[in-house]
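There are 2 protein chains.
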Amino acid sequence: MGHNNSVSDPKPTEHKPRTRRPSVAKTTQTRQAIVAAALDVFLERGFSDARMEDVAARAGVAKGTVYRYFTDKEALFEGVLREVIAVPLAHLTLLLPEPGESLRDAIWRAVLPIVRDMERSKRAPVFRLILAESSRFPALARMFRALVFDPVADMIQRLAQRGVETGELTTDALVKFPHLMIAPNMLAVLWNGVLDPEHPLDMEAMFAAHLDIVFGISEDTSSTKCHKPL
Amino acid sequence: MGHNNSVSDPKPTEHKPRTRRPSVAKTTQTRQAIVAAALDVFLERGFSDARMEDVAARAGVAKGTVYRYFTDKEALFEGVLREVIAVPLAHLTLLLPEPGESLRDAIWRAVLPIVRDMERSKRAPVFRLILAESSRFPALARMFRALVFDPVADMIQRLAQRGVETGELTTDALVKFPHLMIAPNMLAVLWNGVLDPEHPLDMEAMFAAHLDIVFGISEDTSSTKCHKPL
DNA sequence: ATCATAAAAATGACTATTAAGTCAGTATTA
DNA sequence: TAATACTGACTTAATAGTCATTTTTATGAT
Chain F
1 MGHNNSVSDP KPTEHKPRTR RPSVAKTTQT RQAIVAAALD VFLERGFSDA
51 RMEDVAARAG VAKGTVYRYF TDKEALFEGV LREVIAVPLA HLTLLLPEPG
101 ESLRDAIWRA VLPIVRDMER SKRAPVFRLI LAESSRFPAL ARMFRALVFD
151 PVADMIQRLA QRGVETGELT TDALVKFPHL MIAPNMLAVL WNGVLDPEHP
201 LDMEAMFAAH LDIVFGISED TSSTKCHKPL
Chain W
1001 MGHNNSVSDP KPTEHKPRTR RPSVAKTTQT RQAIVAAALD VFLERGFSDA
1051 RMEDVAARAG VAKGTVYRYF TDKEALFEGV LREVIAVPLA HLTLLLPEPG
1101 ESLRDAIWRA VLPIVRDMER SKRAPVFRLI LAESSRFPAL ARMFRALVFD
1151 PVADMIQRLA QRGVETGELT TDALVKFPHL MIAPNMLAVL WNGVLDPEHP
1201 LDMEAMFAAH LDIVFGISED TSSTKCHKPL
């Protein structure tokens, strides 16, 4: 339910009251350190095995301090993941097809940044963590769907609908199951993260190969060579 | 490492030794009860939150008894999953294409039982559990790959190779990434299990739709109607 | 058959450990 | 200097794993 945002609440200097105003201070700095540390620890150990003292130590504070910002471990976990999930695709512009652009190019342009981002950022580990913990925290799964999955699926569905209309797609399979476009990326994330990190899949090549299947081979975005300026 | 098979070891009545021979007893029955109970508990709570006492209670034995069969919690977890993973695809015959059969039909025939099995059996939850715990138990991920994933991927790769040769496939994408055939099923398992159990995906319809994408639409295995006798 | 009995199986109260969460006291800062 | 942030030793709860004791059972003797 409600968060404990009582901590950083400056209340903009209303008529110099007798009480010393709460310090605007570096509390946000501390909070950020705790959130960052907690994310690392949760990613490494999962919810149950993460130790609050480790979070505190890594954030450079004492254990008690963590409890000034989050009422308990669950609040910390949910709070941290809430912040992490909330950010993700904000700056990954969900591009719409430009006039005259082929559907394949539009999808490539729209999804490739997501694929590349998955390969580098902490988003992939976060996704794995959500999968692992979502039976304990169903709210996370819901949030993840709402903020990450559904927007992407909707975009793909719209693009696919256009493809069916223009004849670029010979089946409405992607309209009925936009998930089919996301699935390879998801498998790759899990593969590289937990199933076989020693032999990671080249997510970009795999995505290109998938487009080969969906659209047939084309030269400019073929799986072997692809230096689209984006 | 080695298992404690010291339990059931009758040693067929060799010259009436003074020692009472160990009882052949119902120990295997007890062991099975423990394994079954442990699987349920681990599936419900994950490794860390599973309580040995719950396992014992559900198996109808006392806590100490569990430790006669498994040295500790980790051994129990690994032992149980080892048994569960070892079984899986044994009876799911990995069919090879029959002469004259279209590649699409061959893949449909080979993969559909796996899809159907995933929808019903405990294998899907087990897969989720492995994903969740494999950073703590990398051996599990390896075993899962070796016993489940790789055989399926190999089969798909062989079928895809044939498809490229016969021209049924216009790209070798599936040869390079047989994972692409598995990915939708994997996504569906995770979706139905943790991402949105309230609105489960129809795995069979989704698989059919995927084949529509890979091979183009065909009447007998189209996504809308499909009553293959199998 | 039935009984006596020793070996093995099963039990559950107990110990030891770990970690979440508290709070009286200290340090910081506006 | 007073309000607030921070500290870390402490309390408490939970549970993994132990082991002395009890129960069960396969056998050989009657």
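Protein chains in written order, with my numbering: chain F, 1 to 230; chain W, 1001 to 1230.
Glycine is no exception: its CB is placed at the ideal position from the N, C-alpha and C atoms.
Keep in mind it's a predicted model, so treat the numbers as computed, not measured.
Quick one: is residue i near chain F, going by C-beta distance under 8 Å?
i, result
"residue 1170 of chain W", "yes"
"residue 1056 of chain W", "no"
"residue 1141 of chain W", "yes"
"residue 1214 of chain W", "yes"
"residue 1187 of chain W", "yes"
"residue 1240 of chain W", "Residue 1240 of chain W lies beyond the stretch modelled for chain W, which goes from 1001 to 1230, so this question has no answer here."
"residue 1132 of chain W", "yes"
"residue 1121 of chain W", "no"
"residue 1159 of chain W", "no"
"residue 1049 of chain W", "yes"
"residue 1190 of chain W", "yes"
Say whether chain W places a C-beta atom closer than 8 Å to the C-beta of residue i.
i, result
"residue 102 of chain F", "no"
"residue 167 of chain F", "no"
"residue 183 of chain F", "yes"
"residue 206 of chain F", "yes"
"residue 217 of chain F", "yes"
What is the rounded straight-line gap between the Cα of residue i and the Cα of residue j?
i, j, result
"residue 1120 of chain W", "residue 1215 of chain W", "27 Å"
"residue 1046 of chain W", "residue 193 of chain F", "19 Å"
"residue 58 of chain F", "residue 1138 of chain W", "26 Å"
"residue 107 of chain F", "residue 150 of chain F", "16 Å"
"residue 1212 of chain W", "residue 171 of chain F", "7 Å"
"residue 123 of chain F", "residue 35 of chain F", "15 Å"
"residue 1044 of chain W", "residue 185 of chain F", "27 Å"
"residue 1176 of chain W", "residue 1183 of chain W", "14 Å"
"residue 169 of chain F", "residue 1217 of chain W", "11 Å"
"residue 72 of chain F", "residue 53 of chain F", "12 Å"
"residue 1222 of chain W", "residue 1050 of chain W", "Note that residue 1222 of chain W scores 44 on pLDDT, short of 50, meaning its location in the model is unreliable and no value can be drawn from it."
"residue 99 of chain F", "residue 166 of chain F", "13 Å"
"residue 1180 of chain W", "residue 116 of chain F", "18 Å"
"residue 1102 of chain W", "residue 1173 of chain W", "18 Å"
"residue 160 of chain F", "residue 178 of chain F", "8 Å"
"residue 131 of chain F", "residue 1074 of chain W", "22 Å"
"residue 1037 of chain W", "residue 1061 of chain W", "10 Å"
"residue 1143 of chain W", "residue 1027 of chain W", "27 Å"
"residue 1076 of chain W", "residue 1070 of chain W", "5 Å"
"residue 56 of chain F", "residue 1129 of chain W", "29 Å"
"residue 39 of chain F", "residue 81 of chain F", "8 Å"
"residue 48 of chain F", "residue 200 of chain F", "28 Å"
"residue 112 of chain F", "residue 64 of chain F", "43 Å"
"residue 86 of chain F", "residue 68 of chain F", "23 Å"
"residue 210 of chain F", "residue 127 of chain F", "21 Å"
"residue 189 of chain F", "residue 1190 of chain W", "13 Å"
"residue 1208 of chain W", "residue 1041 of chain W", "34 Å"
What residues of chain W sit near residue i, judged by a beta carbon separation below 7 Å?
i, result
"residue 178 of chain F", "Residues of chain W passing the Cβ test: none, with the nearest at roughly 11 Å."
"residue 39 of chain F", "Going along chain W, no residue has its Cβ under 7 Å from residue 39 of chain F, so there is no contact; the nearest lies around 15 Å."
Could you name the residues of chain W that residue i contacts, counting a contact when the two beta carbons are closer than 8 Å?
i, result
"residue 145 of chain F", "1195 and 1196"
"residue 113 of chain F", "Near residue 113 of chain F there are no residues of chain W at all, since even the closest Cβ is about 20 Å away, more than 8 Å."
Name the chain W residues that come within less than 9 Å of residue i, Cβ to Cβ?
i, result
"residue 209 of chain F", "1171, 1172, 1173, 1174, 1176, 1177 and 1180"
"residue 76 of chain F", "By Cβ distance, chain W contributes nothing, its closest Cβ being about 17 Å from residue 76 of chain F, past 9 Å."
Please list, in chain order, the chain F residues whose beta carbon lies closer than 7 Å to that of residue i.
i, result
"residue 1107 of chain W", "Result: empty, since nearest Cβ-Cβ is about 13 Å, beyond 7 Å."
Along chain F, in chain order, which residues have C-beta atoms closer than 9 Å to that of residue i?
i, result
"residue 1201 of chain W", "177 and 179"
Quiz item: Going along the chain, which unbroken runs of the alpha helix (DSSP H) with 4 or more residues stay wholly within the region 89-161 of chain F?
Solution: Taken in chain order, the complete alpha helix (DSSP H) segments of 4 residues or longer contained in the region 89-161 of chain F are 103-120, 123-133 and 138-144.
Practice problem: Note down, one range per segment and in chain order, each alpha helix (DSSP H) of at least 4 residues found wholly within the region 179-214 of chain F. | Solution: 179-190
Quiz item: Where are the alpha helix (DSSP H) runs, 4 residues long or more, that stay fully inside the region 1019-1076 of chain W, in chain order?
Solution: If we require 4 residues or more, the alpha helix (DSSP H) runs fully inside the region 1019-1076 of chain W come out as 1027-1049, 1052-1059 and 1063-1069.
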